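Protein chains: 2
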Amino acid sequence: MSEAASSLAAGSVGTVETQYLDLPEPVRLDCGLKLHPVRIAYETYGTLSPRRDNVILVCHALSGDAHAAGFAKTPPEEGTRDGFGAEDRDGTARKGLGWWDGMIGPGKAFDTDRFYVISTNLLGGCRGTTGPSSTDPATGRPYGSDFPVITVADMVRTERAFLDVLGIERLAAVAGGSLGGMQALEWAVSYPCQVDAIIPIASTHALHPQGVAWNAIAREAILRDPDWQDGHYYGTGRKPDAGMGVGRMVGHITYLSAQALDEKFGRRLQFADDLRYTITEPEFEVESYLRHQAESFVKRFDANTYLYTSRALTYFDLARQHGGSLGTALRDVSARTLLIAFSSDWLYPPSASRDIAAALDALGKPVECHVIEAPYGHDCFLLEEARQTPIIRRFLAAGPAAG
Amino acid sequence: MSEAASSLAAGSVGTVETQYLDLPEPVRLDCGLKLHPVRIAYETYGTLSPRRDNVILVCHALSGDAHAAGFAKTPPEEGTRDGFGAEDRDGTARKGLGWWDGMIGPGKAFDTDRFYVISTNLLGGCRGTTGPSSTDPATGRPYGSDFPVITVADMVRTERAFLDVLGIERLAAVAGGSLGGMQALEWAVSYPCQVDAIIPIASTHALHPQGVAWNAIAREAILRDPDWQDGHYYGTGRKPDAGMGVGRMVGHITYLSAQALDEKFGRRLQFADDLRYTITEPEFEVESYLRHQAESFVKRFDANTYLYTSRALTYFDLARQHGGSLGTALRDVSARTLLIAFSSDWLYPPSASRDIAAALDALGKPVECHVIEAPYGHDCFLLEEARQTPIIRRFLAAGPAAG
Numbered sequence: 001m002s003e004a005a006s007s008l009a010a011g012s013v014g015t016v017e018t019q020y021l022d023l024p025e026p027v028r029l030d031c032g033l034k035l036h037p038v039r040i041a042y043e044t045y046g047t048l049s050p051r052r053d054n055v056i057l058v059c060h061a062l063s064g065d066a067h068a069a070g071f072a073k074t075p076p077e078e079g080t081r082d083g084f085g086a087e088d089r090d091g092t093a094r095k096g097l098g099w100w101d102g103m104i105g106p107g108k109a110f111d112t113d114r115f116y117v118i119s120t121n122l123l124g125g126c127r128g129t130t131g132p133s134s135t136d137p138a139t140g141r142p143y144g145s146d147f148p149v150i151t152v153a154d155m156v157r158t159e160r161a162f163l164d165v166l167g168i169e170r171l172a173a174v175a176g177g178s179l180g181g182m183q184a185l186e187w188a189v190s191y192p193c194q195v196d197a198i199i200p201i202a203s204t205h206a207l208h209p210q211g212v213a214w215n216a217i218a219r220e221a222i223l224r225d226p227d228w229q230d231g232h233y234y235g236t237g238r239k240p241d242a243g244m245g246v247g248r249m250v251g252h253i254t255y256l257s258a259q260a261l262d263e264k265f266g267r268r269l270q271f272a273d274d275l276r277y278t279i280t281e282p283e284f285e286v287e288s289y290l291r292h293q294a295e296s297f298v299k300r301f302d303a304n305t306y307l308y309t310s311r312a313l314t315y316f317d318l319a320r321q322h323g324g325s326l327g328t329a330l331r332d333v334s335a336r337t338l339l340i341a342f343s344s345d346w347l348y349p350p351s352a353s354r355d356i357a358a359a360l361d362a363l364g365k366p367v368e369c370h371v372i373e374a375p376y377g378h379d380c381f382l383l384e385e386a387r388q389t390p391i392i393r394r395f396l397a398a399g400p401a402a403g
Numbered sequence: 001m002s003e004a005a006s007s008l009a010a011g012s013v014g015t016v017e018t019q020y021l022d023l024p025e026p027v028r029l030d031c032g033l034k035l036h037p038v039r040i041a042y043e044t045y046g047t048l049s050p051r052r053d054n055v056i057l058v059c060h061a062l063s064g065d066a067h068a069a070g071f072a073k074t075p076p077e078e079g080t081r082d083g084f085g086a087e088d089r090d091g092t093a094r095k096g097l098g099w100w101d102g103m104i105g106p107g108k109a110f111d112t113d114r115f116y117v118i119s120t121n122l123l124g125g126c127r128g129t130t131g132p133s134s135t136d137p138a139t140g141r142p143y144g145s146d147f148p149v150i151t152v153a154d155m156v157r158t159e160r161a162f163l164d165v166l167g168i169e170r171l172a173a174v175a176g177g178s179l180g181g182m183q184a185l186e187w188a189v190s191y192p193c194q195v196d197a198i199i200p201i202a203s204t205h206a207l208h209p210q211g212v213a214w215n216a217i218a219r220e221a222i223l224r225d226p227d228w229q230d231g232h233y234y235g236t237g238r239k240p241d242a243g244m245g246v247g248r249m250v251g252h253i254t255y256l257s258a259q260a261l262d263e264k265f266g267r268r269l270q271f272a273d274d275l276r277y278t279i280t281e282p283e284f285e286v287e288s289y290l291r292h293q294a295e296s297f298v299k300r301f302d303a304n305t306y307l308y309t310s311r312a313l314t315y316f317d318l319a320r321q322h323g324g325s326l327g328t329a330l331r332d333v334s335a336r337t338l339l340i341a342f343s344s345d346w347l348y349p350p351s352a353s354r355d356i357a358a359a360l361d362a363l364g365k366p367v368e369c370h371v372i373e374a375p376y377g378h379d380c381f382l383l384e385e386a387r388q389t390p391i392i393r394r395f396l397a398a399g400p401a402a403g
């Protein structure tokens, strides 16, 4: 089928139900501890080939979950999903559509007519996979802040163990944006013989210091909320919504470009044409929007998962994990690599993708790096589906699993 | 004296004591209320000329105070002054030196051999001028959140009333960075016949939406802290240090450039060479730095003043205040204008200064706009003294009060 025809045929994966799987063995963690039991929430789209060679693992970002595509069989309550960083442009979240529905399906970037796409909720998550809100077998109560501090490598080790149970040895590709892209990179490094291709989008080999700072501030907002209660807020009737709301606001602004905020809100006032002279109520539309984002986020997300996931993504540093050199870290990579970055993304700037491309190129590894000119900042990886699609389809078509 | 010789001769204004003055009349506010009594904290440097024509008013930014230059007669306690956004590079704050000491003094940018420099703590402040922590005459208790919401024009109206009491009709110049630059602009617009020159540095005619958002987030962090107690925390033994600390962290990162953070901290770990696997303690140097900044700030600053001042600077919008047109707003300006901006300042970007320059130029008004290439972000207006000095000295030397 030609590109044009397949684009026209792009469709939905339909209604999807999240599934759950318990790992048979404890997961060994970088901190030295072992975690057991571990349950994985996941969804699959498309059909596994008889040779099990058409699997694409899709990894989500900080606030995502396993529901990447299609309509949720049990749609979420109104307002409990807000598009995972991207605004809810057309009611996507309200309809229960997955966070990357525009990218996964028949004829789409991750073409379910060809590939068997698997999406898991990451280790430490709060949407079905074991995390801080899960029951600690040692106490019978939720882990809270007793949950071990995890890394991106731990997430990937968990995904590897999960795929083992499914009987899937090799992956045709691992793809993801932001923290999802870090997982894709870690897959290529940790399991070099088991990954044919990786597609890290709007991602990095190590978050820059300003990004580390923004994440630290968001976590501080949670830690300083008295309702956090040292991480043991479950069952107390109080949770750190105030602090996590502030953290989400910080995150949200870092996901957007200044230009996007200009175009969307300008300096328009929220009410009438003049100031109301208030310090407690929103005056500008952008202030009102931030409150809305915070409110809808705290309804669906667990603050401890935010802390742990944010921590993991600031830790991620391929060079540091491999003696200080990015080249050394990538030495054994055998996966073909497709990097996509966005010109206006100042949280995960194109320079990071270019650094990775240069390091792979210097090692003689096959790599492509595309910087898409787009104004929406980091959120582009969720918004610019149409422009990512041909790049990804062409890249995947060149692989051994191409049908 | 030549520039070179005067630079060599640059010295200190010596020991300075903050003075206080009570305005005789109520101050009329934009919100419709009147405020009385109003006390002004101020300092002066240099000597008033017999013709009272050598006065420069220096206006401070969000977290500043009247102590702009020299050594405080009563030095602050250790850790209670941290450089007002700029880091404490060389112990400046510990020595009790003013926040713009590098710019004000004999032979400096604002040359006290020539000019009589006056610096006031702004209306709503917490360092001697009447603000939310002052006593409300209606109740005998601190105003708290009953303090009226103020604007930059209110601050300037108050400064005008204060100078009236000192018998000073005309200003040779009004200068300031950031919010201080907004006051300088407002002076030229509100009192066009009483200002010979203005020097808005790293400032804007209207903060862009991303800046509005950052300010809103910092205020949210305070408002959501239960210790804020609806703004009436004075005398309760609890104050919203946790929330204001987060707000300060947000502010601090917006004052610096990503490059400055790279150069200063990189991704260096705080302790030893490896991760400690903690979500509650700093792992990276930049995380530790943020906590330190928050701690030292809450010791010296009042959270309500932060709320009111942040609100005022987001309200400021010369075009909106004058029917939607910057040209209309600036129509009656007679002051010569010197705009200085910094290439890496993404909170008050050079484009805002250029917009003002273009609007003044289109009206045939005398204006200069200098964009200094410097890597430290918004904080440059406090750090790049050496490069601002010749520009400012040359500009002031061209004025009628020169000589």
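Chains as they are written, first to last, in the UniProt record's numbering: chain A, 1 to 403; chain B, 1 to 403.
Beta carbons are placed, not taken as given, at the ideal position from N, Cα and C, and that holds for glycine.
A quick note: this is a predicted structure, and the numbers were derived from the prediction, not measured.
query	result
Gly177 of chain B - partner residues in DSSP beta bridges	B:Ile201
Three CB pairs or more closer than 8 angstroms across the region 143-150 of chain B and the region 231-244 of chain B	yes
Chain A residues whose Cβ lies nearer than 8 angstroms to that of Ala214 of chain B	Rather than Ala, the amino acid found at residue 214 of chain B in this sequence is Trp. In chain order: Ile253.
Residue 419 of chain B to Glu186 of chain B span [Cα, whole Å]	Absent from the model: residue 419 of chain B. The displayed extent of chain B is 1 to 403, so no value can be given.
Per-residue DSSP class, three states only, for Tyr20 of chain A	strand
Whether Phe381 of chain A touches Ala202 of chain A by CB criterion (7 angstroms)	yes
Alpha carbon of Pro375 of chain A to alpha carbon of Ile392 of chain A, nearest angstrom	20 angstroms
CB contact below 7 angstroms: Ala86 of chain A versus chain B	Since pLDDT at Ala86 of chain A reaches only 42, below the 50 mark, its modelled position is unreliable, and the value read off the structure follows with that caveat. Taking Cβ atoms only, chain B never reaches closer than 7 angstroms to Ala86 of chain A, which makes this a no.
Under 9 angstroms by beta carbon: chain B residues contacting Tyr308 of chain A	Ile279
Partner residues on chain B for Ala242 of chain A, Cβ-Cβ distance less than 7 angstroms	Arg224
C-beta contact flag for Val189 of chain B and Leu171 of chain B at 7 angstroms	no
Selection of the region 248-275 of chain B by Cβ proximity to chain A, strictly under 7 angstroms	Met249, Val250, Ile253, Ala258, Leu261, Asp262, Phe265, Gly266, Arg267, Leu275
Inter-residue spacing [alpha-carbon to alpha-carbon] between Gly14 of chain B and Ala161 of chain B	28 angstroms
Listed by chain order, chain A residues near His208 of chain B by CB distance under 7 angstroms	Ala258, Asp262
Phe284 of chain B at chain A interface by Cβ criterion, 7 angstroms	yes
Bounding residues of the beta strand (DSSP E) (the contiguous stretch that carries Cys59 of chain A)	55-59
Backbone CA spacing between Leu330 of chain B and His322 of chain B [nearest angstrom]	9 angstroms
Ala216 of chain B beta carbon less than 7 angstroms from that of Gly247 of chain B	no
Inter-residue Cα distance where the pair is Val250 of chain A and Val152 of chain B	26 angstroms
Contacts of Gly245 of chain A in chain B (Cβ-Cβ under 9 angstroms)	Glu220, Arg224
Near-chain A residues of the region 25-55 of chain B (beta-carbon distance less than 7 angstroms), N- to C-terminal order	Cys31
Euclidean distance between Cα positions of Ala206 of chain B and Tyr315 of chain A	38 angstroms
Closer than 7 angstroms to chain A by CB, Leu383 of chain B	no
Pro148 of chain B beta carbon less than 7 angstroms from that of Leu223 of chain B	no
Arg157 of chain A versus Leu123 of chain A - alpha carbon distance	9 angstroms
Within-7 angstroms CB hit, Tyr315 of chain B to chain A	yes
Cβ contact check for the region 59-66 of chain A and the region 134-141 of chain A: 3 or more pairs under 8 angstroms	no
Runs of alpha helix (DSSP H) lying entirely within the region 235-287 of chain B, each at least 4 residues, in chain order	241-255, 258-265
Proximal chain B residues relative to Arg311 of chain A, where beta-carbon distance stays under 9 angstroms	Tyr277, Thr278, Ile279, Glu283
Collapsed DSSP secondary structure at Tyr376 of chain B in the structure displayed	coil
Thr80 of chain A versus Arg300 of chain A: straight-line alpha-carbon distance, rounded	Legend: pLDDT at Thr80 of chain A = 41, less than 50; position of this residue unreliable, no value from coordinates given.
Endpoints, beta strand (DSSP E) assigned at residue 406 of chain B	Nothing can be reported for residue 406 of chain B, as the shown portion of chain B is limited to 1 through 403.
Euclidean distance between Cα positions of Gly46 of chain B and Gln19 of chain B	15 angstroms
Contacting residues, own chain, Cβ-Cβ under 8 angstroms from Phe284 of chain B (five flanking each side not counted)	Phe265, Arg267, Arg268, Leu269, Gln270
Nearest neighbour of Ala184 of chain A, chosen from A:Ala69, A:Ala335, A:Gly98 [CA to CA]	A:Ala335
Bridge partner(s) assigned by DSSP for Lys34 of chain A	A:Arg28
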